[in-house]
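Peer 1: Pasting a structure below so you can have a look.
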Amino acid sequence: MTTIDIIILAVTGMGVIMGLMKGFVKQMASIVGLIAGLLVARALFGTVAERLAPALGTSTTIAQVLAFILIWVAVPLGFAFVASLLTKALDAVHLGWLNRWLGSGLGALKYMILIGLAIHVIEYIDPKDEMISATKKKESVLYYPMRDLSGIFFPVFKNVTEQLIEI
8 MTTIDIIILA VTGMGVIMGL MKGFVKQMAS IVGLIAGLLV ARALFGTVAE
58 RLAPALGTST TIAQVLAFIL IWVAVPLGFA FVASLLTKAL DAVHLGWLNR
108 WLGSGLGALK YMILIGLAIH VIEYIDPKDE MISATKKKES VLYYPMRDLS
158 GIFFPVFKNV TEQLIEI
């Protein structure tokens, strides 16, 4: 096991712990909230900016930036509030343990995808293998599987995003 593998396992372990602490519902709400917030902000920032500019006495450009940020923050906060209520409801019916265990799996998956994304970024900015040598990459048991795991999700993200933008 190489240093790269240890780092990958440590980061994935952090994802498991974060998932156990937050639970599946809150983990999923954070993911969906960020994506939904971005899409809602993209769709509504112009309309909100038209009403915000006169109220603030500022230019339309500044109002558009503020509207986009406000919407992108407000939507995930709404998702987080609903997730908090659902988590309390699951705890009340003694299903909190299931929420936590499913959350640990989702947390691990989320962090593994982020690791894969980081690997893709490193390979993009360092095509000559100066940051991480090719031999260290080959010796690593987890380097290429993590890269390939995130590669599976890129086309899915692209297709889903394109479909949601068309709506």
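Just so we're aligned, residue 8 is where the sequence shown starts under this note's numbering, counting upward by one.
All C-beta atoms in this analysis are idealised placements derived from N, C-alpha and C, irrespective of residue type, glycine included.
#1: Comparing alpha-carbon positions, which option in E146, M119, A96, G85 lies nearest G44?
#2: As a quick exercise: from T68, I132, F161, W104, pick the residue whose alpha carbon is nearest that of G26.
#3: Based on Cα-Cα distance, which residue from I42, I14, M28 lies nearest to V82?
#4: How do the region 20-34 and the region 91-111 stand: do at least 3 beta-carbon pairs fall below 8 Å, yes or no?
#5: Where does G64 fall in DSSP's three states?
#6: Are the beta-carbon atoms belonging to T19 and M138 less than 8 Å from one another?
#7: So, are the CB atoms of G123 and R154 less than 8 Å apart?
Peer 2: By the coordinates alone:
#1: Translated into positions along the sequence shown, residue 44 becomes position 37. Comparing Cα positions, the closest option is G85.
#2: As a working mapping, residue 26 is identified with position 19 in the sequence shown. Of the listed residues, the one whose Cα sits closest to G26 is W104.
#3: Stepping through the sequence shown from its first residue, residue 82 is reached at position 75. Minimum Cα distance to V82 is reached at I42.
#4: yes
#5: In the sequence shown, counting from the first residue as 1, residue 64 sits at position 57. Coil, per DSSP.
#6: Sequence index remark: in the sequence shown, residue 19 carries index 12 (1-based). Sequence index remark: in the sequence shown, residue 138 carries index 131 (1-based). No, these two residues do not count as a Cβ contact at 8 Å.
#7: By 1-based counting over the sequence shown, the position of residue 123 is 116. By 1-based counting over the sequence shown, the position of residue 154 is 147. Cβ distance < 8 Å, so G123 and R154 count as in contact.
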